[in-house]
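K.L.:
The structure follows.
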Amino acid sequence: VSPADVADDYLAAVLAGDRRRALRVVDAAVAAGLGVRGLYMDVFQPALREVGRLWETNAIGVADEHLATAITQSAMSRLYDALFTAARPATRRLVAACADTERHEVGLRMLCDILEEDGWDTVFLGAAVPVEDVVAMVRQREPDAVALSASIAPHLPRLAATIAAIRADLGERAPLICVGGRPFLADPSLAARVGADFTAPDAVSATAELRRRVGA
Ligand code: B12
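Every position in the sequence shown, counted from 1, becomes a number in this note's numbering once 60 is added.
What follows is the structure, encoded as structure tokens:
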């Protein structure tokens, strides 16, 4: 199965707003052997970015983008039977959140799912979590690492405030903190400036880097 062909078919289906067709494309790709990583990195991620480009240029409307995103979230959930029903001891834990006003959650969810496949126990909080609640969850779950996502530059000050709050609350016991999303793709040096330990450009490289830093 060629991921590029699947990507073309999937993009056409979500742009047509046809969920049944999109899910058929995904089911066929899974049956042909394409896994979570392949679907996420080579099919869903480029599709959402293309949807964003079309939206920015007014080729499609806000509702079309919302529909494409919702269909993609359904498609991701469809893979969860395989991902979350297999029993296995999780050795490393990660808490993931989009803090404060950040609403772009799909990229971070992809990171969590790929980490699950790598044997992590991930606590995915999703979009727009108040800063103090992120801190409380980190204190309660005592993860090895925290992953925070930001998709637009205006959210970076609050991201920095979230990291400062985690470090202030946990001191020496603060977990590894990684950040990612669009602003960091453009300028990885922003990671240090918001107080994070590192960034990575996509979910697969982030998984490799977390494994390297936290250990197996
Ligand atoms: C879907 C979407 C939305 C949805 C999000 C719904 C949801 N439930 O997530 C909604 C409608 C809410 C939305 C709102 C807005 N959006 Co929007 N959105 C998008 C869109 C189309 C797709 C986002 C996505 O899922 N991408 C796919 C994922 C897989 O890619 P990713 O996020 O980059 O994630 C990968 C890596 O960055 C990395 N990564 C991500 N997080 C992390 C974290 C860590 C720790 C690590 C290590 C790695 C990592 O790994 C991920 C997987 O490989 C993008 C287009 C685009 N290019 O992405 C625009 C886009 C990001 N949005 C944009 C804008 C402008 C907005 C709004 C400001 C619009 C408005 N005026 O209201 C608001 C802001 C909302 C807010 N307060 O956050 C612009 C930003 C432009 C810019 N200058 O930066 C974009 C680029 C669209 C565009 N081309 O204009 N949006």
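Heads up, the beta-carbon is just placed ideally off N, CA and C, and yes, glycines get one too.
Do the segment 171-187 and the segment 104-123 meet, that is, are 3 or more Cβ pairs less than 8 Å apart?
P.N.:
Cβ pair count under 8 Å is below three, so no.
K.L.:
What is the DSSP secondary structure of VAL239, reduced to helix, strand or coil?
P.N.:
Looking at VAL239 - three-state DSSP - the assignment turns out to be strand.
K.L.:
Report yes if the CB atom of VAL103 is closer than 8 Å to the CB atom of PRO149, and no otherwise.
P.N.:
No, they are not a contact pair.
K.L.:
Straight-line CA distance for MET197 to ALA225?
P.N.:
Using only the alpha carbons, I get a separation of about 12 Å.
K.L.:
Report whether the distance from the Cβ of VAL274 to the nearest heavy atom of ligand 2 is below 7 Å.
P.N.:
For the structure depicted, ligand 2 is absent and the ligand set comprises only ligand 1.
K.L.:
Evaluate the contact criterion for the segment 177-187 versus the segment 216-230: three or more CB pairs, one atom per stretch, below 8 Å.
P.N.:
In short, these stretches do not touch, since the Cβ pair count stays below three.
K.L.:
Taking LEU245 as the reference, give the member of GLY179, ARG113, ALA210 with the closest Cα.
P.N.:
When only C-alpha atoms are compared, the closest one is ALA210.
K.L.:
Could you spell out the range, first to last residue, of the alpha helix (DSSP H) harbouring ASP87?
P.N.:
79-91 is the span of the alpha helix (DSSP H), which, as asked, contains ASP87.
K.L.:
Since ALA205 is in the alpha helix (DSSP H), which residue starts that stretch and which ends it?
P.N.:
Run containing ALA205: none in the alpha helix (DSSP H); it sits in the beta strand (DSSP E), 205-209.
K.L.:
Which full runs of the alpha helix (DSSP H) of 4+ residues lie inside the segment 139-188, going along the chain?
P.N.:
Listed in chain order, they are 140-145, 166-177.
K.L.:
In three-state terms, what does DSSP make of THR222?
P.N.:
Residue state, collapsed to three classes: helix.
K.L.:
Write down the C-beta distance between PRO262 and MET136 rounded to the nearest angstrom, noting that I regard them as a contact closer than 8 Å.
P.N.:
According to the sequence as given, residue 262 is Asp; it is not Pro. Not quite, the Cβ-Cβ distance comes to about 15 Å (not below 8 Å), so this is no contact.
K.L.:
Can you have a look at GLY93 and say buried or exposed, based on whether 16 or more other CB atoms are within 10 angstroms of its CB?
P.N.:
With fewer than 16 Cβ atoms within 10 Å of its Cβ, GLY93 is classed as exposed.
K.L.:
Please work out which residues of its chain come closer than 8 Å, Cβ to Cβ, to LEU154, disregarding the five sequence neighbours upstream and downstream, and give them in chain order.
P.N.:
Excluding residues within five positions, the ones whose Cβ falls inside 8 Å are CYS172, LEU175, TRP180, ASP181, THR182, VAL183, PRO203, ASP204, ALA205, VAL206, ALA207, LEU270.
K.L.:
Below 8 Å, can you find three or more Cβ-Cβ pairs linking the segment 125-135 to the segment 73-83?
P.N.:
At 8 Å Cβ cutoff, the stretches touch.
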